[in-house]
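A.B. asks:
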Amino acid sequence: MIKLSNSFLRKWRFFLLLLVALLAVNLGHVQASEKSPPEDWQLQGTLASLDDSDPDVWGEAMKKISEYDLKSTVEIPSERVEQIGKLLKNEDSEVRRAAAIAVGNLGSEAKQLIPQLLQLFRDENWRVVMAAARAVGNLESEAQELIPQLEQLLTNKYWRIRAAAVTAVGEMGSEAKQLIPQLQQLLSDENSDVRRAAAIAVGNLVSEAKELIPQLQQLLSDENSNIRYAAVTAVGNLGWEAKEFIPQLQQLLTDKNSNIRYAAVTAVGEMGWEATEFIPQLQQLLTDKNWRVRAATVTAVSEMGWEAQELIPQVEQLFSDEDSDVRRAAAWAVGEMESETAKELIPQLEQLFKDKDERVRAATARAVGNLGSGAKQLIPQFQQLLSDEDSDVRRAAATAVGNLESEAKELIPQLQKLLSDEDSEVRRAAVTAVGNLGSEAKQLIPQLLDLLSDEDSEVREATATALGQMGRFNTQQILQILNATHRNRDKKAGIRFLAYFTSGGESDTVTLIQWLGSPKRYPDLIDNFGEEQSISREEGKKVLEIFADAWEESESIELEQVRDLRSELKAQINKLFKNVNWQPEDIALLERHYNNLQDEEIKAKIDALEGIQ
434 MIKLSNSFLR KWRFFLLLLV ALLAVNLGHV QASEKSPPED WQLQGTLASL DDSDPDVWGE
494 AMKKISEYDL KSTVEIPSER VEQIGKLLKN EDSEVRRAAA IAVGNLGSEA KQLIPQLLQL
554 FRDENWRVVM AAARAVGNLE SEAQELIPQL EQLLTNKYWR IRAAAVTAVG EMGSEAKQLI
614 PQLQQLLSDE NSDVRRAAAI AVGNLVSEAK ELIPQLQQLL SDENSNIRYA AVTAVGNLGW
674 EAKEFIPQLQ QLLTDKNSNI RYAAVTAVGE MGWEATEFIP QLQQLLTDKN WRVRAATVTA
734 VSEMGWEAQE LIPQVEQLFS DEDSDVRRAA AWAVGEMESE TAKELIPQLE QLFKDKDERV
794 RAATARAVGN LGSGAKQLIP QFQQLLSDED SDVRRAAATA VGNLESEAKE LIPQLQKLLS
854 DEDSEVRRAA VTAVGNLGSE AKQLIPQLLD LLSDEDSEVR EATATALGQM GRFNTQQILQ
914 ILNATHRNRD KKAGIRFLAY FTSGGESDTV TLIQWLGSPK RYPDLIDNFG EEQSISREEG
974 KKVLEIFADA WEESESIELE QVRDLRSELK AQINKLFKNV NWQPEDIALL ERHYNNLQDE
1034 EIKAKIDALE GIQ
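Heads up: the sequence shown begins at 434 in my numbering, then just goes up one per residue.
See below:
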C-alpha cells in the first residue's frame, strides 16, 4: 500500500477545493454592468459644468458622460452637443480623448460630429485616435454613411490611420460586414498594430467573417504577443465553432506570456462542453502562477456545465483543516458559489469569522460580500471584523459591506468609525463602501466632505467618487466641496466638477460654483488683458444676493470646513461691490452684506446712497 505524504495530501485538498469552486462558480457578481441612462439631475449637473472656465473641468464632464447610456431615452440639447463638438478640437489631448468617448455614447444626437471624429484619426496622440475610432464604431447605424470613407482609410499610407479605420469597422460589427474582404488583406499588413487591430475586428465580426479563419490560424503563431492575444480572443468569439483551433489552443495554454494563456483559457471556456478534452491542461492551469489565468480557468471549467453538489460533504471538512491556506481557500470557494449551493456551507463559513489566521478572516469577509443577500444572516458578524486588529481584515470587511449595499445598512455606524482609521487603505475601502450604500448613508456626508482633504490622494479620489453617488447636495454641502479646492490644487478640476454634478444644475448654485472654488477665470470681472471691468447692475445684484445667501448658509457650518472658502467669498463680494454702479434701491442688499462682513467700505457706500434719497 502506498503511503501518501502529508504535504501531498494538503496539496490535494487544496486542489479539490479549487475544483469545487470551479464547478459551483457564480460569476455574476464580477461581470461588468451595462451602462444605464442618467437621472435628470445627474445629466443637468454634468452639462452645467461645460460652462466652467477650466478645460480640465470639461474633461471631467466628458468622462462622466461616457459612463452613461445616452443613445435612447436621453435628449441632449443641440447647443450642448455643439459644445462637446468643440472639445474635439481642444488643445489638451486628454480633453479631446474624453470628448471622443463621450460622443460615441450620444447616438443619433452626435451624427453631426462624425466628420470631426474622422479628423481625429489623424491626431498626433494615439490614445485620441483610438478613442475617435471606437466612437465612430459605437455610433453603429448612425455611421453607415461612413462605409465608403472607411473603405478608403483602410488603405491609407499611414499605418495609424489604417489601424484607426480597422478599429472603427470592428466596433461597428455587422453594420460593416461589406468591408470583410478589406479586413482579410489587413490581417497580413506589414504593420503589427494594424494586424492586431484587424484580428480584434475579425473577433467582433466573427459571425459574418468565418472565411477569415485560415488567416486567424496564422496569427495564432505570430511572433508578436499582442497579435497572438488578439487572434486567440477572436477565436474565443467563435464559441463551439472554434473546435478546429484545438491544436493551436493546446499550445497557447502553455505560452510563456500569461496574457496569451489567459486569452486561450477564455477561448476554451467559450467552447463549453465541446472542450472537455482540455480538462487535463485546465487542471494544471488551476495552479498557474498568474491569478488572471487561474480565474479564467475557473470560468472555463464552469462553462462546461459540471455540477458540484455531490462534493459539498468533502468541502465541509476543509473548513477545519489544520492548514490555514486550505481554510482560506474554503472561504474563497464559498464566495464563488451560487447562493443556493452555498447555503449549506453558511454555518462552516460563520466559524471562520473567528479564525486565528487574519488571511482566513479576510477571505471570509470577501466571501460574504460576494454572496450578497444569500449570506445576509452573517451580516451581524461583520461588527467584529470591522473592528479587527488586522488592517487587511478591516479593509476586506469594509469592501464586503460595500458589496452588500442596502443589505448591510445596519453596519453604517461601524463604517463611520473606519472613515477615520489610521490605515489609509482601510479609510479608502470604507469610503467606497459608503458610496455604494448611496442615500442609505447620507448621514456620513459631513465626514466624507472632511476626507476631501485627506493626506492620502487615493482616499481623496475615492471620496470624490463616493460623494457623487449620494444624490443632489444642498448649498451648505456644495460650499464644503468648493472649500476643498483650496486644499487640493492638483485635483481642483475634479472637485469643481463634483460640485457642478451634485448641484443638479440648479441655476443659483451653478452661479455660485462659477464664482467660487478657485475657478480658472472669474466670470465677467476680468477682461482678456487681465484687467478688472464693470458688470451690469442687474447681474451684480443677482450674484450679490446669491453671495449673501451663501455667507449666511456658511455661518452654520463648522468654520474649519469652510475657512478658505469664506475668505474667497469675502474677496469676491468686495470685488463685486467695487465694480457695480449701485443705486439707492440696492441699500437693503448692501445692508445684508454689511451685517455679515462688518466692512466699513460697504457702510460708507450705504451712507452715500442714503444721502441721495
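Backbone N, C-alpha and C fix where the C-beta goes; we use that ideal spot for every residue, glycine too.
Looking at the structure shown, is residue 758 part of a helix, part of a strand, or coil, going by DSSP?
C.D. replies: Counting from one through the sequence shown, the residue named residue 758 turns up at place 325. Helix at residue 758.
A.B. asks: So for residue 636, helix, strand or coil by DSSP?
C.D. replies: Sequence index remark: in the sequence shown, residue 636 carries index 203 (1-based). In the structure shown, residue 636 sits in a helix (DSSP, three-state: H, G or I).
A.B. asks: Indicate the three-state DSSP secondary structure (helix, strand or coil) for residue 1015 in the structure shown.
C.D. replies: On the sequence shown, residue 1015 is found 582 positions in, with the first residue counted as 1. Looking at residue 1015 - three-state DSSP - the assignment turns out to be coil, as it is neither helix nor strand.
A.B. asks: Indicate the three-state DSSP secondary structure (helix, strand or coil) for residue 822 in the structure shown.
C.D. replies: Taking the sequence shown and counting its residues from 1, the one referred to as residue 822 is at position 389. Residue 822: coil per DSSP, three-state reduction.
A.B. asks: Taking all protein chains shown into account, do 16 or more other C-beta atoms lie within 10 angstroms of the C-beta of residue 608, making it buried, or fewer, making it exposed?
C.D. replies: Reading the sequence shown from its first residue, position 175 is the one you call residue 608. Classification of residue 608: buried, given that the 10 Å Cβ count is 16 or more.
A.B. asks: State the start and end residues of the unbroken alpha helix (DSSP H) segment that holds residue 605.
C.D. replies: On the sequence shown, position 172 is the one that residue 605 refers to. Its alpha helix (DSSP H) spans residues 592 to 605.
A.B. asks: What's the C-alpha gap between residue 836 and residue 865?
C.D. replies: In the sequence shown, the residue the question calls residue 836 occupies position 403. In the sequence shown, the residue the question calls residue 865 occupies position 432. The straight-line gap from Cα to Cα measures roughly 10 Å.
A.B. asks: When we look at the beta-carbon of residue 503 and count the other beta-carbons within 10 Å, is it buried (16 or more) or exposed?
C.D. replies: Indexing the sequence shown from 1 puts residue 503 at position 70. That one is buried.
A.B. asks: For a quick check, are the C-beta atoms of residue 487 and residue 846 less than 8 Å apart?
C.D. replies: One-based indexing of the sequence shown puts residue 487 at position 54. One-based indexing of the sequence shown puts residue 846 at position 413. Contact: no.
A.B. asks: Kindly give me the distance between the Cβ atoms of residue 892 and residue 857, rounded to whole angstroms, as I take these residues to be in contact under 8 Å.
C.D. replies: Translated into positions along the sequence shown, residue 892 becomes position 459. Translated into positions along the sequence shown, residue 857 becomes position 424. Between residue 857 and residue 892 the Cβ distance is about 6 Å, and since that is below 8 Å, they are a contact.
A.B. asks: Once the 5 residues before and after residue 678 are set aside, which same chain residues still bring their CB inside 6 Å of it?
C.D. replies: Here residue 678 is taken as the residue at index 245 of the sequence shown, counted from 1. Taken in chain order, the residues that qualify are 668.
A.B. asks: Just the Cα atoms here: how many angstroms apart are residue 654 and residue 869?
C.D. replies: Taking the sequence shown and counting its residues from 1, the one referred to as residue 654 is at position 221. Taking the sequence shown and counting its residues from 1, the one referred to as residue 869 is at position 436. Looking at the two C-alpha atoms, the distance is approximately 44 Å.
A.B. asks: Excluding five sequence neighbours on each side, which residues of the same chain lie with their C-beta closer than 6 Å to the C-beta of residue 915?
C.D. replies: Taking the sequence shown and counting its residues from 1, the one referred to as residue 915 is at position 482. Correct list, in chain order: 932, 949, 950 and 998.
A.B. asks: If you count every other CB in all the chains shown that lies within 10 Å of the CB of residue 1040, and 16 or more means buried, which is it?
C.D. replies: Stepping through the sequence shown from its first residue, residue 1040 is reached at position 607. Exposed: under 16 other Cβ atoms inside 10 Å.
A.B. asks: Give the C-beta separation of residue 559 and residue 593 to the nearest angstrom, bearing in mind that I take them to be a contact with Cβ-Cβ under 8 Å.
C.D. replies: Residue numbering aside, residue 559 sits at position 126 when the sequence shown is read from its first letter. Residue numbering aside, residue 593 sits at position 160 when the sequence shown is read from its first letter. Sure, about 7 Å apart at Cβ, within 8 Å.
A.B. asks: Could you check where the alpha helix (DSSP H) with residue 933 kicks off and where it finishes?
C.D. replies: To locate residue 933, count along the sequence shown from 1; it is residue 500. From DSSP, the alpha helix (DSSP H) with residue 933 extends over 925 to 936.
A.B. asks: How is the alpha helix (DSSP H) around residue 514 delimited, first residue to last?
C.D. replies: Counting from one through the sequence shown, the residue named residue 514 turns up at place 81. Residue 514 -> alpha helix (DSSP H) spans 511 to 520.
A.B. asks: Keeping to the same chain, check which residues put their C-beta closer than 8 Å to that of residue 645; ignore five residues upstream and five downstream.
C.D. replies: Here residue 645 refers to the residue found at position 212 when the sequence shown is read from its first residue. Excluding residues within five positions, the ones whose Cβ falls inside 8 Å are 613, 616, 617, 620 and 635.
A.B. asks: Between 581, 524, 601 and 473, which lies nearest to residue 562 when the distance is taken from Cα to Cα?
C.D. replies: Reading the sequence shown from its first residue, position 129 is the one you call residue 562. It is 601 whose Cα lies nearest to the Cα of residue 562.
A.B. asks: So what's residue 952 in DSSP terms, helix, strand or just coil?
C.D. replies: Looking up residue 952 in the sequence shown gives position 519. The answer is coil: DSSP assigns residue 952 none of H, G, I, E or B.
A.B. asks: Indicate whether the contact test is met: 3 or more Cβ pairs, each with one atom in the region 922 to 932 and one in the region 468 to 475, closer than 8 Å.
C.D. replies: no
A.B. asks: When you compare each of 1002, 569 and 670 to residue 540 by their alpha carbons, which one comes out closest?
C.D. replies: Your numbering for residue 540 matches position 107 in the sequence shown. Taking only the C-alpha atoms, the option nearest residue 540 is 569.
A.B. asks: What residues in its chain sit with their C-beta under 6 Å from that of residue 725, if we drop five residues either side in the sequence?
C.D. replies: For this step, residue 725 is matched to residue 292 along the sequence shown. Same-chain partners within the cutoff: 695.
A.B. asks: Measuring straight from C-alpha to C-alpha, what distance separates residue 814 and residue 984?
C.D. replies: For the purposes of this step, residue 814 is identified with residue 381 of the sequence shown, where counting begins at 1. For the purposes of this step, residue 984 is identified with residue 551 of the sequence shown, where counting begins at 1. Going by the C-alpha atoms only, they are around 45 Å apart.
A.B. asks: DSSP state of residue 855, grouped into three classes?
C.D. replies: Taking the sequence shown and counting its residues from 1, one reaches residue 855 at position 422. Residue 855 sits in coil when the DSSP states are folded into three classes, being neither helix nor strand.
A.B. asks: Let's see if you can read the secondary structure: which residues bound the alpha helix (DSSP H) around residue 982?
C.D. replies: Reading the sequence shown from its first residue, position 549 is the one you call residue 982. Here the alpha helix (DSSP H) through residue 982 covers 970 to 987.
A.B. asks: Answer yes if the region 657 to 665 comes into contact with the region 625 to 634, meaning at least three C-beta pairs across the two stretches below 8 Å, and no otherwise.
C.D. replies: yes
A.B. asks: Taking all protein chains shown into account, decide if residue 712 is buried (16 or more other Cβ within 10 angstroms of its Cβ) or exposed.
C.D. replies: For the purposes of this step, residue 712 is taken as residue 279 along the sequence shown, with counting starting at 1. So residue 712 ends up on the exposed side.
A.B. asks: Could you check whether residue 981 and residue 1026 sit closer than 8 Å to each other, using their CB atoms as the reference points?
C.D. replies: The count along the sequence shown starts at 1 and reaches residue 1026 at position 593. The count along the sequence shown starts at 1 and reaches residue 981 at position 548. Contact flag set, yes.
A.B. asks: Using alpha carbons as the reference points, say which of 622, 656 and 610 lies closest to residue 428.
C.D. replies: Any answer about residue 428 is impossible in this case: the structure gives the chain only from 434 up to 1046.
A.B. asks: If you reduce the DSSP assignment to three classes, tell me which class residue 689 lands in.
C.D. replies: As a working note, residue 689 is residue 256 in the sequence shown. In the structure shown, residue 689 sits in coil (DSSP, three-state: anything other than H, G, I, E or B).
A.B. asks: Pull up the distance between the alpha-carbon of residue 648 and that of residue 501, whole angstroms please.
C.D. replies: Start at 1 with the first residue of the sequence shown, and residue 648 comes out as number 215. Start at 1 with the first residue of the sequence shown, and residue 501 comes out as number 68. Rounded to the nearest angstrom, the two C-alpha atoms are 37 Å apart.
A.B. asks: Relative to the alpha-carbon of residue 897, which residue among 909, 908, 907 and 917 has its alpha-carbon at the smallest distance?
C.D. replies: Position 464 of the sequence shown, counted from the start, is the residue given in the question as residue 897. Minimum Cα distance to residue 897 is reached at 917.
A.B. asks: Helix, strand or coil: which one does DSSP assign to residue 493?
C.D. replies: Here the question's residue 493 lines up with position 60 in the sequence shown. In the structure shown, residue 493 sits in a helix (DSSP, three-state: H, G or I).
A.B. asks: If contacts are defined as beta-carbon pairs under 8 Å, then residue 880 and residue 990 qualify, I think. What distance do you get, rounded to the angstrom?
C.D. replies: Position 447 of the sequence shown, counting from 1, holds the residue named residue 880. Position 557 of the sequence shown, counting from 1, holds the residue named residue 990. Not really, about 14 Å apart at Cβ, beyond 8 Å.
A.B. asks: With a threshold of 16 other CB atoms inside 10 Å of the CB of residue 936, please say whether the residue is buried or exposed.
C.D. replies: Position 503 of the sequence shown holds residue 936. The residue in question, residue 936, is buried, as its Cβ has 16 or more Cβ neighbours within 10 Å.
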